[in-house]
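Residue numbers (the working numbering), protein chains in the order written: chain E, 1 to 214; chain A, 1 to 406.
The beta carbon of each residue, even a glycine, is placed where N, CA and C say it ideally should be.
Keep in mind that this is a model prediction, so the values were computed, not measured.
Each remark here refers to the structure printed beneath this line.
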């Protein structure tokens with residue numbers, strides 16, 4: 001059986017040089033920045049505040065709602081379910097469409113106060129192999145308990161959305177190498193955005209443990 | 001010297017493992033730091049802690065301090081003020097002094113071939129020695145360049161543009177540059193005198209020393225006596241709170257002795273506080289880290305009501321101690337405080353008073369903010385995160401791609 005190698009990933013943020021003071025400029029930036037910036041702003045909150053309540057807003061939603069005080073647009077942006085999109089370009093399109101639909105209703109009045117502008121940041125990714133590998137579900141379960149949260153994050157979120165893999169790495173290995181299509185689907189159907197990262201680890205452990213105990 | 005293992009209990013196995021994983025790829029790499037002072041100031045403080053930890057991780061970290069005469073440091077002080085937007089009087093001689101001193105240092109300092117990490121504007125022109133080594137050059141800017149004097153910035157920029165990469169504390173502090181601008185926030189050291197755990201008796205000792213009532217809730221701002229920190233605004237906010245809730249105010253900080261303006265502000269604050277025995281104005285001498293630690297820990301609410309601020313690490317210090325914080329939404333403070341989750345942000349005296357009152361009344365809410373705040377700092381603003389970012393920087397600088405597979 002092909003072993004599962006746990007990788008982890010690190011992020012070093014970089015300023016793109018773009019900033020926005022109102023919704024029009026925000027839309028312009030969203031159109032132009034690289035995919036790694038869209039990824040950063042839709043996942044940064046989850047990473048930075050991963051101990052808080054789940055399903056946090058994207059940076060776009062947070063800024064529009066809290067700084068520009070455009071509550072209804074902020075809400076619509078927060079409502080975009082990242083899980084529904086298989087690639088960053090599609091997610092970008094959905095965010096833009098939400099903003100454009102809102103702008104079509106009338107011009108927004110507010111600008112961000114000085115010092116509260118939106119700065120477009122992109123994420124540089126460094127991927128490294130950890131010392132954990134698994135050749136069966138039992139070993140996989142043990143590794144899940146020990147690997148860093150960033151490793152789980154990498155295989156569940158990053159692999160699918162940012163690196164363009166069809167499904168998350170765990171489901172891929174469990175279906176193809178372990179041959180357990182059902183467990184693979186159960187993991188695929190978890191919406192990772194509705195958990196804090198540690199709760200997500202618990203949910204994964206629960207699913208795999210059930211199967212191992214059989 | 002504190003070793004990496006001592007951080008394990010605070011940050012967890014995962015963080016220490018990650019640091020070791022990243023550093024394996026940099027084993028033996030020479031990272032030559034160059035700055036302009038061995039003691040005093042934030043940069044030297046960071047390097048004193050960072051260099052030994054990098055060495056422990058197998059990186060050949062070195063540290064050269066630029067040598068310069070009084071004239072050179074007068075000029076760099078003027079540059080520093082000008083880069084912060086102050087109007088300064090500069091002559092052609094000032095610029096030539098800067099370049100001559102750089103030239104002398106280039107003759108004395110041998111340059112390594114791996115990574116040369118230059119801190120702040122004083123040694124920025126060392127890049128003139130670029131042809132002498134194969135190193136990748138990184139410029140780390142610790143200051144806020146959002147509104148610099150045009151002449152000085154254009155001079156400094158001509159050197160920065162020759163580097164391979166730059167690093168800023170926050171995007172709002174950065175300028176337009178033809179090189180990459182990485183973002184690395186500063187950090188606090190949880191094991192330093194200012195942040196380490198203290199026993200109740202150590203805290204009580206400090207309160208007794210300054211004759212502070214231990215029964216009445218304390219609102220504290222620990223910051224230099226500087227107009228930009230708005231100590232008079234803090235007194236105003238405290239008075240609004242005091243109308244409804246009996247509490248005391250502690251305004252403590254250093255920096256008054258060698259700063260004529262600071263001395264003046266301190267006198268004004270003392271004058272304003274004179275009639276109220278519940279206001280404690282404490283000018284602290286340098287080296288009062290333990291006292292600062294105790295006062296922050298004794299506070300029911302910590303305030304940082306600055307009008308203008310750099311990153312504002314006093315906020316992280318207070319959050320790390322599990323304190324609910326009310327801070328102005330300026331500088332780097334909104335990066336540390338997510339309003340309503342990890343603290344409260346205010347925009348006025350009245351707003352600050354309203355938030356302080358809420359925190360003094362609603363203990364459960366205050367405790368929740370404090371808990372979240374501490375966790376936020378643990379995840380994002382401790383020395384180990386700073387160390388990790390530096391390792392990533394050393395790995396990424398000079399590569400053109402966004403994704404690096406080790």
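Residue i Cβ short of 7 angstroms to the ligand FMN heavy atom set
{"i": "residue 109/A", "result": "Ligands displayed in this structure: none; no statement on the ligand FMN is therefore possible."}
Whole-Å CB distance - residue i paired with residue j, under 8 angstroms assumed
{"i": "residue 6/A", "j": "residue 295/A", "result": "Going by Cβ atoms, the distance from residue 6/A to residue 295/A rounds to 25 angstroms, so no, they are not a contact pair."}
{"i": "residue 130/A", "j": "residue 137/A", "result": "6 angstroms"}
{"i": "residue 172/A", "j": "residue 381/A", "result": "17 angstroms between Cβ atoms; not a contact."}
{"i": "residue 23/E", "j": "residue 64/E", "result": "7 angstroms"}
{"i": "residue 38/E", "j": "residue 91/E", "result": "6 angstroms"}
{"i": "residue 54/A", "j": "residue 44/A", "result": "That belief does not hold up - the Cβ atoms of residue 54/A and residue 44/A are roughly 15 angstroms apart, past 8 angstroms."}
{"i": "residue 393/A", "j": "residue 12/E", "result": "6 angstroms"}
{"i": "residue 85/A", "j": "residue 148/A", "result": "6 angstroms"}
Close beta carbons around residue i, own chain, < 8 angstroms, minus the five adjacent residues each side
{"i": "residue 125/A", "result": "98, 99, 102, 159"}
{"i": "residue 133/A", "result": "111, 112, 113, 116"}
{"i": "residue 108/A", "result": "67"}
Chain A within 8 angstroms of residue i, Cβ atoms only
{"i": "residue 65/E", "result": "no"}
{"i": "residue 168/E", "result": "no"}
{"i": "residue 223/E", "result": "Outside the displayed span of chain E (1 to 214) sits residue 223/E, for which this structure offers no information."}
{"i": "residue 10/E", "result": "yes"}
{"i": "residue 13/E", "result": "yes"}
{"i": "residue 36/E", "result": "yes"}
{"i": "residue 125/E", "result": "yes"}
{"i": "residue 149/E", "result": "yes"}
{"i": "residue 153/E", "result": "no"}
{"i": "residue 17/E", "result": "yes"}
{"i": "residue 205/E", "result": "no"}
Proximity test, Cβ basis, 8 angstroms: residue i and chain E
{"i": "residue 147/A", "result": "no"}
{"i": "residue 195/A", "result": "no"}
{"i": "residue 52/A", "result": "no"}
{"i": "residue 405/A", "result": "yes"}
{"i": "residue 20/A", "result": "no"}
{"i": "residue 349/A", "result": "no"}
{"i": "residue 417/A", "result": "Residue 417/A lies beyond the residue range present for chain A, which begins at 1 and ends at 406; the question has no answer from this structure."}
{"i": "residue 17/A", "result": "yes"}
{"i": "residue 176/A", "result": "yes"}
{"i": "residue 200/A", "result": "no"}
Local conformation of residue i per DSSP, three classes
{"i": "residue 328/A", "result": "strand"}
{"i": "residue 14/E", "result": "strand"}
{"i": "residue 206/E", "result": "helix"}
{"i": "residue 8/E", "result": "strand"}
{"i": "residue 174/A", "result": "coil"}
{"i": "residue 117/A", "result": "strand"}
{"i": "residue 134/A", "result": "coil"}
{"i": "residue 61/A", "result": "strand"}
{"i": "residue 77/A", "result": "helix"}
{"i": "residue 215/E", "result": "Residue 215/E lies beyond the range of chain E shown here (1 to 214); nothing can be said about it."}
{"i": "residue 34/A", "result": "strand"}
{"i": "residue 122/A", "result": "coil"}
{"i": "residue 31/E", "result": "helix"}
{"i": "residue 109/A", "result": "coil"}
{"i": "residue 140/A", "result": "strand"}
{"i": "residue 220/A", "result": "strand"}
{"i": "residue 404/A", "result": "strand"}
{"i": "residue 180/E", "result": "coil"}
{"i": "residue 165/E", "result": "coil"}
Residues of its chain near residue i, where Cβ-Cβ distance is below 6 angstroms and the 5 sequence neighbours each way are ignored
{"i": "residue 94/E", "result": "80"}
{"i": "residue 144/A", "result": "173, 310"}
{"i": "residue 40/E", "result": "121, 122, 123"}
{"i": "residue 254/A", "result": "284, 286"}
{"i": "residue 160/E", "result": "168"}
{"i": "residue 65/A", "result": "38"}
{"i": "residue 134/E", "result": "4, 140, 143"}
{"i": "residue 229/A", "result": "223, 306"}
Cβ-based neighbour list, residue i, same chain, cut-off 7 angstroms, excluding 5 preceding and 5 following
{"i": "residue 178/A", "result": "161"}
{"i": "residue 319/A", "result": "325, 336, 342, 343, 373, 374, 376, 377"}
{"i": "residue 168/A", "result": "141, 174, 181, 183"}
{"i": "residue 20/E", "result": "26, 29, 117, 118"}
Legend entry - Entirely enclosed alpha helix (DSSP H) segments - the region 282-310 of chain A, minimum 4 residues: 289-298
Inset, instruction - Please go through the region 93-135 of chain E and give each complete beta strand (DSSP E) segment of 3 or more residues, from N-terminal end onward. - result: 118-134
Legend entry - Any alpha helix (DSSP H) of 4 or more consecutive residues that is wholly inside the region 316-402 of chain A: 333-336, 349-361, 363-380, 383-396
Inset, instruction - Let me know the alpha helix (DSSP H) ranges lying completely inside the region 157-218 of chain A, each 4 residues or longer, listed in chain order. - result: 200-209
Inset, instruction - Jot down the residue ranges of each uninterrupted beta strand (DSSP E) in the region 227-281 of chain A, minimum 3 residues, whole runs only, in chain order. - result: 248-253
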